[in-house]
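**Student:** Before I ask anything, here is the structure I am working with.
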């Protein structure tokens, strides 16, 4: 996979890994553009493109005349890219675990069968997880995938295993995605699990991910705690 | 029964959604009372009451006093490609009108000076508008722009003109990219009034930094939109390691 990425995307991943490993801690400055270009033997414009993407993701902030710094404070969730929530947190140096609230085979009802464009009653796998970063509830993901997309899906412990890794292991190639950002109010056990007051407004991100054959492979409603996360996007 | 999943409630909500999708309702039409819905779906009135609450949360119904009516569809804002709000909404059949609440020169507040990379207190234009469609307020927008870069901008009437179009045509400054951050915010009483919000209704605050093709920042913006009436849509890139 890595060899297919452009040079600046490879540099982005390298810097993300260094932030995640703590080699570039939160608040620290990154090496200068010139230093990065020299170290990896690449063009400064390529370095600049990589840093610009990291800035747009909110992982790095540029301070005029001082350089680029690793961001702190709230967890940042990118609305402009799809990457596993755990992977996004790891890149920010946030220790991430999931708590599985529900994981079962279910028949597709009216609304979800329309999303997947499958007959009503088709078997889906529903997975509800609380995503926890540094011990605090950051999001609840309510996910559906076709039951047959991952063999032995009921045996996988999604508290420790990534859904996307499991899909990739089952040769599912994710091709494109659509997202919608709204605000919803959470009640009852869901509010308690996200550690927000009853009826609190939270971000609701609907992800629809499709494979190469344009079949929907994942539908997730992600309820994100707005006091602990910032959602960012980039338009061009 | 699972603590997080209530199959009886979810099934009833699902059936009610099907009724809404297949019925010939238009926004503002009355929907069933809990007793009527209970009869229709053959469920208990208490459960029907919870179904109606869920449909309100999903913004399929609006509450008017003690009854429910069909909610209008939300305004979908494109957040994957640069376009002005007026152009984006016009494409979807929502002609946009603007009312200027304030347009003048002010000293750049801290956030604006940081975003625009200007010294604190530098003169900036502040354009504050309420954007409406079909008589319904869609957003309160504040734009900060450096005076030094856009001399004479106050000659233009931004109740009638597009800001980005004016910057492109008169100042050769094209909005090429925009970094956005989203927040959930409790509006001030004045903001609630201007956006015609129900008491306690939150807003979606979008903070933007707009750049020209050269990457120079020329606008810092704050847009507050009614949370119940706004959907931001995106086609994200599948980038890097999943």
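Chains as they are written, first to last, in my numbering: chain A, 124 to 359; chain B, 35 to 276. Virtual Cβ for every residue (Gly too), placed ideally from N, Cα, C.
Under 8 Å between the Cβ atoms of residue 177 of chain B and residue 154 of chain B?
**Tutor:** As a position in the second chain, residue 177 of chain B is number 143, starting the count at 1. As a position in the second chain, residue 154 of chain B is number 120, starting the count at 1. No.
**Student:** Is the beta carbon of residue 264 of chain B closer than 8 Å to that of residue 111 of chain B?
**Tutor:** Mapped onto the second chain, residue 111 of chain B falls at position 77. Mapped onto the second chain, residue 264 of chain B falls at position 230. In contact: residue 111 of chain B and residue 264 of chain B (Cβ atoms closer than 8 Å).
**Student:** Give a yes or no on whether 8 Å exceeds the smallest Cβ distance from residue 58 of chain B to chain A.
**Tutor:** Start at 1 with the first residue of the second chain, and residue 58 of chain B comes out as number 24. No, residue 58 of chain B does not count as interfacial toward chain A.
**Student:** Measuring CB to CB, does residue 262 of chain B end up less than 8 Å from residue 109 of chain B?
**Tutor:** As a position in the second chain, residue 262 of chain B is number 228, starting the count at 1. As a position in the second chain, residue 109 of chain B is number 75, starting the count at 1. Going by C-beta atoms, residue 262 of chain B is not nearer than 8 Å to residue 109 of chain B.
**Student:** For residue 241 of chain A, which residues from the same chain have a beta carbon less than 7 Å from its beta carbon, with the 5 sequence-adjacent residues on both sides left out?
**Tutor:** Translated into positions along the first chain, residue 241 of chain A becomes position 118. Here the set comprises 231.
**Student:** The alpha helix (DSSP H) with residue 79 of chain B in it runs from where to where?
**Tutor:** Here residue 79 of chain B is taken as the residue at index 45 of the second chain, counted from 1. Residues 79-91.
**Student:** Does the distance from the CB of residue 250 of chain A to the CB of residue 208 of chain A come in under 8 Å?
**Tutor:** Numbered from 1 along the first chain, position 127 holds the residue referred to as residue 250 of chain A. Numbered from 1 along the first chain, position 85 holds the residue referred to as residue 208 of chain A. The answer is no: Cβ separation not under 8 Å.
**Student:** Which residue's Cα is closest to the Cα of residue 149 of chain B: B:179, B:52, B:207 and B:133?
**Tutor:** What you label residue 149 of chain B is simply residue 115 of the second chain in a count that begins at 1. Comparing Cα positions, the closest option is B:179.
**Student:** So is residue 343 of chain A buried or exposed if we call it buried at 16+ other beta carbons inside 10 Å?
**Tutor:** Start at 1 with the first residue of the first chain, and residue 343 of chain A comes out as number 220. Residue 343 of chain A is buried by the Cβ-count criterion.
**Student:** Using a Cβ-Cβ cut-off of less than 9 Å, list which residues of the segment 330-345 of chain A approach chain B; keep chain order.
**Tutor:** The segment 330-345 of chain A vs chain B, Cβ under 9 Å: 330 and 332.
**Student:** Check whether chain B comes within 8 Å of residue 289 of chain A, counting only Cβ atoms and requiring the distance to be less than that.
**Tutor:** Locating residue 289 of chain A in the first chain gives position 166, where the first residue counts as 1. It does not: the Cβ of residue 289 of chain A has no partner Cβ on chain B nearer than 8 Å.
**Student:** Under a CB-based cut-off of 8 Å, is residue 36 of chain B close to chain A?
**Tutor:** As a working mapping, residue 36 of chain B is identified with position 2 in the second chain. Judged by the 8 Å Cβ criterion, residue 36 of chain B is in contact with chain A.
**Student:** Distance, Cα to Cα, residue 62 of chain B vs residue 102 of chain B?
**Tutor:** Working through the second chain from its first residue, we reach residue 62 of chain B at position 28. Working through the second chain from its first residue, we reach residue 102 of chain B at position 68. Roughly 9 Å between the two C-alpha positions.
**Student:** Find the residues of chain A that neighbour residue 91 of chain B, judging by a C-beta separation of less than 7 Å, and give them in chain order.
**Tutor:** As a first step, residue 91 of chain B must be located in the second chain, where it is residue number 57. Near residue 91 of chain B (Cβ distances below 7 Å), the residues of chain A are 307 and 308.
**Student:** If contact is defined by three or more beta carbon pairs under 8 Å, each pair taking one atom from either stretch, is the segment 146-158 of chain A in contact with the segment 170-178 of chain A?
**Tutor:** The segment 170-178 of chain A, when compared against the segment 146-158 of chain A, does touch it at the 8 Å Cβ threshold.
**Student:** Taking a contact to mean a Cβ-Cβ separation below 8 Å, would you say residue 229 of chain B touches residue 237 of chain B in this structure?
**Tutor:** Here residue 229 of chain B corresponds to residue number 195 of the second chain, with the count starting at 1. Here residue 237 of chain B corresponds to residue number 203 of the second chain, with the count starting at 1. Taking 8 Å as the Cβ cut-off, residue 229 of chain B and residue 237 of chain B qualify as a contacting pair.
**Student:** If you measure from the beta carbon of residue 230 of chain B to each beta carbon in chain A, is any gap under 8 Å?
**Tutor:** Reading the second chain from its first residue, position 196 is the one you call residue 230 of chain B. For residue 230 of chain B, the answer is no, since every Cβ of chain A falls outside 8 Å of its Cβ.
**Student:** Can you tell me the Cβ-Cβ gap for residue 254 of chain A and residue 285 of chain A, rounded? I've got them flagged as a contact below 8 Å.
**Tutor:** Locating residue 254 of chain A in the first chain gives position 131, where the first residue counts as 1. Locating residue 285 of chain A in the first chain gives position 162, where the first residue counts as 1. About 11 Å; that fails the 8 Å criterion.
**Student:** Is there a C-beta anywhere in chain B that falls below 8 Å from the one on residue 166 of chain A?
**Tutor:** Mapped onto the first chain, residue 166 of chain A falls at position 43. It does not: the Cβ of residue 166 of chain A has no partner Cβ on chain B nearer than 8 Å.
**Student:** For the segment 257-270 of chain A against the segment 343-358 of chain A, are there 3 or more C-beta pairs whose distance is under 8 Å?
**Tutor:** Flag = yes, the segment 257-270 of chain A and the segment 343-358 of chain A touch.
**Student:** Can you check whether the CB of residue 289 of chain A is closer than 8 Å to the CB of residue 270 of chain B?
**Tutor:** One-based indexing of the second chain puts residue 270 of chain B at position 236. One-based indexing of the first chain puts residue 289 of chain A at position 166. No, the Cβ-Cβ distance between residue 270 of chain B and residue 289 of chain A is not below 8 Å.
**Student:** By Cβ distance, which residues of its chain are closer than 7 Å to residue 227 of chain A, with the 5 residues on each side in sequence left out?
**Tutor:** Within the first chain, residue 227 of chain A is the residue found at index 104, counting from 1. Cβ within range, chain order: 249.
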